[in-house]
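Visitor:
This is how it looks when you write it as structure tokens:
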């Protein structure tokens, strides 16, 4: 009992420390008095803009403090989602997942058991001669941070759009620790048209209903990158988020994170002019069915943010997030306005 109380105290202290740091570092400009006011309600100051609290009721929104608490919702099984190698091992029999080829620890390669023996920068470049691209990313980090996309274009090699040679690649790799080299998933024209320099993914949130023990999908969005988010489509790095109608797969307007102090909504991508609003996600019903099936396989993993990329012949699941952002979801509608969602969070002590 004493041990559990100590663990809970540690978690809550860590959560509030993280919350205050994020609030102070927020790129959205707000006066200190407003930051203090919103923090008392559990929200970052930027959330007042994202969720339009001048018109909407904060009680319908999962707060930023509550969102930080979801980090422990899958405990003690969080590692299944946090560790990319474990996630691949658990789910690859049921859904399409990119293959992991090698680990990088303190700049050194450790080959995994597969057909591609990538153990040097040269071997990566040789791989590109056959497959044109690969990804080097942190084993544990999420949010699109620390990702390197290596491509071969017209006999030249590019790392995050910057031309490199073997020596320059070796220099980058020598500084990496706890990274994985994995397969690059080519996106379909549907996704590529939004913004071709980033992989534009779908985020689907699943929850296990505590009464029926069956999964459901409360919300899903299509993400799109832009010049400021390269090489990822991360929303807070500048990308766009568009809500997906769960029944039809139709996209609503895309919206950007309010770095300039206000939300910007677009019916077409502001850089490529590609249509957003009204487009239908290919294979949408197949995607929903497959994700719900995957979520049902391990019902003790109760809460997952699935990152999915549409391909020419279907889709691939890039990863499952244990600790999903909710701002890019709730910018479209409040999660707690859905009774199923509210009951889920209440059951697990999040709200």
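In my numbering, the protein residues as written are 108 to 458. Positions of the beta carbon are idealized from the N, C-alpha and C atoms, including for glycine.
#1: So residue 125 and residue 175 are supposed to be a Cβ contact under 8 Å. How far apart are they, rounded?
#2: Would you call residue 367 buried or exposed, if buried means 16 or more other Cβ atoms sit within 10 Å of its Cβ?
#3: Could you name the residues of the same chain whose beta carbon sits closer than 7 Å to that of residue 334, not counting the 5 residues immediately before and after it, in chain order?
#4: Relative to the C-alpha of residue 283, which residue among 214, 376, 358 is closest?
#5: Quick check on the burial criterion: 16 or more other C-beta atoms within 10 angstroms. Buried or exposed for residue 225?
#6: Once the 5 residues before and after residue 427 are set aside, which same chain residues still bring their CB inside 6 Å of it?
#7: The alpha helix (DSSP H) spanning residue 447 covers which residue range?
#8: Drop a sphere of 10 angstroms on the beta-carbon of residue 310, count the other beta-carbons inside from all chains shown, and report buried for 16 or more, exposed for fewer.
#9: Using a Cβ-Cβ cutoff of less than 6 Å, which residues in the same chain neighbour residue 434 once the five nearest sequence positions on both sides are dropped?
#10: Looking only at C-alpha atoms, which of 308, 206, 205 sits nearest to residue 417?
#11: Taking only three categories from DSSP, how would you classify residue 226?
#12: Looking only at C-alpha atoms, which of 361, 294, 273, 221 sits nearest to residue 386?
#13: Would DSSP call residue 362 helix, strand or coil?
#14: So is residue 260 buried or exposed if we call it buried at 16+ other beta carbons inside 10 Å?
Guide: Reading off the structure:
#1: Walking along the chain shown from the start, residue 125 turns up at place 18. Walking along the chain shown from the start, residue 175 turns up at place 68. With 8 Å as the limit, residue 125 and residue 175 qualify as a contact, their Cβ atoms being about 6 Å apart.
#2: The residue labelled residue 367 in the question sits at position 260 within the chain shown. By the neighbour-count rule (16 or more Cβ atoms within 10 Å), residue 367 is not buried but exposed.
#3: One-based indexing of the chain shown puts residue 334 at position 227. Excluding positions up to five away in sequence, the list reads 378.
#4: Looking up residue 283 in the chain shown gives position 176. Considering only alpha carbons, the answer is 214.
#5: Mapped onto the chain shown, residue 225 falls at position 118. It is buried - the Cβ of residue 225 has at least 16 other Cβ atoms within 10 Å.
#6: For the purposes of this step, residue 427 is taken as the residue at position 320 of the chain shown. Contacts found: 188, 194, 411, 413.
#7: Numbered from 1 along the chain shown, position 340 holds the residue referred to as residue 447. Where residue 447 is concerned, the enclosing alpha helix (DSSP H) stretches over 446-454.
#8: Numbered from 1 along the chain shown, position 203 holds the residue referred to as residue 310. It counts as buried.
#9: Taking the chain shown and counting its residues from 1, the one referred to as residue 434 is at position 327. So the qualifying residues of the chain are 157.
#10: Position 310 of the chain shown, counting from 1, holds the residue named residue 417. Nearest option by C-alpha distance: 308.
#11: Against the chain shown, residue 226 aligns to sequence position 119. Note: residue 226 maps to coil in three-state DSSP.
#12: As a position in the chain shown, residue 386 is number 279, starting the count at 1. Residue 361 is the option with its Cα nearest to residue 386.
#13: Reading the chain shown from its first residue, position 255 is the one you call residue 362. Strand, per DSSP.
#14: Residue numbering aside, residue 260 sits at position 153 when the chain shown is read from its first letter. With fewer than 16 Cβ atoms within 10 Å of its Cβ, residue 260 is classed as exposed.
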